[in-house]
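Protein sequences appear in the order of chains P and R.
Sequential numbering from 1 applies to the first sequence in UniProt numbering.
Sequential numbering from 1 applies to the second sequence in UniProt numbering.
Right, one structure below, let's go through it.
2 protein chains.
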Amino acid sequence: MTETGASVTGEPDASGRGPYAKGVARRRQIIESAIAEFAERGVDGTSLRTLGEAIGVSHATLRHYFASRDELLVEVYRAHEERDPADSPSDRGAVEVMTASADINRAIPGLVRLYATLTTDALQEDHPASREFIRERFRAVREDLARRIRDGQASGRIASDIDATDAAALVIAASDGLQVQWLLDPDEVDVRRALTLLERLLPGSAG
Amino acid sequence: MTETGASVTGEPDASGRGPYAKGVARRRQIIESAIAEFAERGVDGTSLRTLGEAIGVSHATLRHYFASRDELLVEVYRAHEERDPADSPSDRGAVEVMTASADINRAIPGLVRLYATLTTDALQEDHPASREFIRERFRAVREDLARRIRDGQASGRIASDIDATDAAALVIAASDGLQVQWLLDPDEVDVRRALTLLERLLPGSAG
Numbered sequence: 001m002t003e004t005g006a007s008v009t010g011e012p013d014a015s016g017r018g019p020y021a022k023g024v025a026r027r028r029q030i031i032e033s034a035i036a037e038f039a040e041r042g043v044d045g046t047s048l049r050t051l052g053e054a055i056g057v058s059h060a061t062l063r064h065y066f067a068s069r070d071e072l073l074v075e076v077y078r079a080h081e082e083r084d085p086a087d088s089p090s091d092r093g094a095v096e097v098m099t100a101s102a103d104i105n106r107a108i109p110g111l112v113r114l115y116a117t118l119t120t121d122a123l124q125e126d127h128p129a130s131r132e133f134i135r136e137r138f139r140a141v142r143e144d145l146a147r148r149i150r151d152g153q154a155s156g157r158i159a160s161d162i163d164a165t166d167a168a169a170l171v172i173a174a175s176d177g178l179q180v181q182w183l184l185d186p187d188e189v190d191v192r193r194a195l196t197l198l199e200r201l202l203p204g205s206a207g
Numbered sequence: 001m002t003e004t005g006a007s008v009t010g011e012p013d014a015s016g017r018g019p020y021a022k023g024v025a026r027r028r029q030i031i032e033s034a035i036a037e038f039a040e041r042g043v044d045g046t047s048l049r050t051l052g053e054a055i056g057v058s059h060a061t062l063r064h065y066f067a068s069r070d071e072l073l074v075e076v077y078r079a080h081e082e083r084d085p086a087d088s089p090s091d092r093g094a095v096e097v098m099t100a101s102a103d104i105n106r107a108i109p110g111l112v113r114l115y116a117t118l119t120t121d122a123l124q125e126d127h128p129a130s131r132e133f134i135r136e137r138f139r140a141v142r143e144d145l146a147r148r149i150r151d152g153q154a155s156g157r158i159a160s161d162i163d164a165t166d167a168a169a170l171v172i173a174a175s176d177g178l179q180v181q182w183l184l185d186p187d188e189v190d191v192r193r194a195l196t197l198l199e200r201l202l203p204g205s206a207g
C-alpha cells in the first residue's frame, strides 16, 4: 500500500531530481508515514510535535513541510482519498458509490476517526484549513451524487420529483453518520445493510 | 430558559437546604453557564481552565464538581437535552422525532458543535466518559426509533420487511450528518427538507 515505504528517516526517493523533487518526495514520505500512524493509532490529541515523535521526524522538519497540524491532517486525508479512491464508474448509483467507499473505510478505522476529527474541527472557530477542505469536499461529493441521482431520474429509476441535491446531502449524511455509529458499536450497527436499505428506499415512488 | 441565571459567581440557589443541596445547585449553575458559553462561542480547545475563565469560576471549583473536561462536556450536553427535549409523543414517527430535534438544534449551533465534539472524542482513545455517554445515547435513540418504526409497520404505514433497527440507525445518521453539512454550508443544505424527503421514502413499498 505504501510504495514509498514506512520509514521517513532515510534519504528521499532516489527518482527525485534536484532539490524541489526531493522536497516533494520527502513531503510525500511524511504523509505516508502519517497515514500509517493514523490508521493504526488514531489522531487524538495529535500535535505536529507528537506526530513527529511517532513517525521519527523532527518538529523542525515537519514545520518546514506543513504550516500547521490542520494542514498536515488535511493533506493526509487527501492523500488517503487519492490513493484509495472508491471505485466509482460514472454510471454507478449514488448510494452504491457511498457504500463502496464505506466498505474501504471499514478496513481502516483510524482514517474514519481522522475524517471525524477533520469534520469536527471544521465546525469550530480557528480551523480555517480544515473548514475549507471539508466544506469543499462536501460540495464536490454532493454535486457528484446529485448528478448520479439526476441520471437515475432521467432513466426512470428514481422518482422525478425528488430534489437531487437534497437526496445527495441525505445519502452523504447517512453514510457518514452510520460509520460513526459503527465505530462506537460494531456489533450493533451494520453500515452496509443500512445503506442497502437506503438504496432500496431511494427510488421513491418510481421503480 | 435558564431559571438558575447565567451568573455562577453569586450564592447557590436560596431554595437549597444544607450543604448537599447547595452543592447540587452550584453544580447546576455551572452547567447552565457552560451551556450559555458553548451556545455562543462553541467548545473548541476548551479545557476546564479556559472554560472556568470564560464563565468566571475558579479552576479549583470546577475540579471540585467535575473530574475532567469530558465529564463537564457530557453533563452540559445531558442537561441541554433534558431541558429542551424534542417534543416526541410516543405515536410520532421516527423521522418526525429527529426533524423536531433538528429544528431545536438549528437555533443553537454551539450545541450542535458540542455534540460533534463529544461524538468525535468518543471515537478516539482516552475519552472513556464521552465514549460511554455517546454510545449509550445512540443505543437508546436507536431503540426508541426502532420501536416507532415497528409501530408504523404494525399499522401498515411502513413496509413490514424493513429491518427496524437498520432503519433507526439510518434515520439517526441522516439527521446527525445533515446537521454537520448544514453548519458548514447553511445556504446549500436544508436539514428539514432532506429529512422530509427521508420521511417520504421511509415507508418503502407500503403506504
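Ideal Cβ placement from N, Cα and C applies to all residues, glycine included.
Point to revise | Residues, ordered as in the chain, of the segment 56-81 of chain P that lie near chain R by beta-carbon distance below 9 Å | key: Residues of the segment 56-81 of chain P whose Cβ lies closer than 9 Å to any Cβ of chain R: none.
**Study point:** Cross-chain neighbours of R/ALA194 in chain P, by beta carbon under 8 Å
**Key:** Going along chain P in sequence order, the residues near R/ALA194 (Cβ under 8 Å) are ASP166, ALA167, ALA169, LEU170 and ALA173.
Check your understanding: Leaving out the 5 sequence neighbours to the left and right, which residues in its chain are closer than 6 Å to P/ILE31 when beta-carbon positions are compared?
Key -> Listed in chain order, the non-local C-beta contacts of P/ILE31 below 6 Å within the same chain comprise GLU75, VAL76 and ALA79, local neighbours out to five positions each way being set aside.
Review point. Does any C-beta atom of chain R lie closer than 8 Å to the C-beta of P/GLY162?
Key: First, the residue type needs correcting, since residue 162 of chain P is Ile and not Gly in the sequence shown. Chain R, which has a Cβ nearer than 8 Å to the Cβ of P/ILE162, makes this yes.
Review point. What residues of chain P sit near R/ILE31, judged by a beta carbon separation below 8 Å?
Key: Within 8 Å of the CB of R/ILE31, no CB atom of chain P is found; the nearest one sits about 21 Å away.
Check your understanding: Can you find a C-beta in chain R that's less than 8 Å from the C-beta of P/THR120?
Key -> Yes, P/THR120 lies at the interface with chain R (some Cβ there is under 8 Å from its Cβ).
Review point. For chain P, is any of its Cβ atoms less than 8 Å away from the one on R/PHE138?
Key: Yes - at least one Cβ of chain P is within 8 Å of the one on R/PHE138.
Review point. When the cut-off is 8 Å and only beta carbons count, does R/THR134 lie next to chain P?
Key: Reading the sequence as shown, one finds Ile at residue 134 of chain R and not Thr. For R/ILE134, at least one C-beta of chain P is nearer than 8 Å to its own C-beta.
Practice item. Assign P/ARG135 to one of three DSSP states: helix, strand, or coil. Key: Under the three-state reduction of DSSP, P/ARG135 is assigned to helix.
Check your understanding: Which runs of the alpha helix (DSSP H) fall wholly inside the segment 81-107 of chain P and span at least 4 residues, in chain order?
Key -> DSSP runs (the alpha helix (DSSP H)) wholly in the segment 81-107 of chain P: 94-106.
Check your understanding: What residues from chain R crowd round P/GLU143, counting only those whose CB sits closer than 9 Å?
Key -> By Cβ distance, chain R contributes nothing, its closest Cβ being about 10 Å from P/GLU143, past 9 Å.
**Study point:** Continuous alpha helix (DSSP H) stretch holding R/HIS127: start and end
**Key:** That residue, R/HIS127, is in no alpha helix (DSSP H); it is neither H nor E in DSSP.
Check your understanding: Grouping DSSP H, G and I as helix and E and B as strand, with all else coil, what is R/GLY204?
Key -> Shown here, R/GLY204 sits in coil according to DSSP, grouped into three states, outside any helix or strand.
**Study point:** chain P within 8 Å of R/GLY156, Cβ atoms only
**Key:** Taking 8 Å as the threshold, the shortest C-beta distance from R/GLY156 to chain P does not fall below it.
Exercise for review: Kindly say whether P/GLN181, judged by its beta-carbon, lies nearer than 8 Å to any beta-carbon of chain R.
Suggested key: Interface residue, yes.
Check your understanding: Between P/GLU199 and chain R, is there a C-beta pair that is closer than 8 Å?
Key -> No, its Cβ sits nowhere closer than 8 Å to a Cβ of chain R.
Review point. Ordered along the chain, which non-local residues of its own chain (more than five positions away) have a Cβ less than 7 Å from that of P/ALA39?
Key: These residues qualify, in order along the chain: ILE108, GLY110 and LEU111.
Point to revise | Cα-Cα separation between R/GLU37 and R/ILE134, rounded to whole angstroms | key: Distance from the CA atom of R/GLU37 to the CA atom of R/ILE134, rounded to whole angstroms, is 21 Å.
Point to revise | Pairwise C-alpha distance: P/ALA122 and P/SER68 | key: So the two alpha carbons sit approximately 14 Å from each other.
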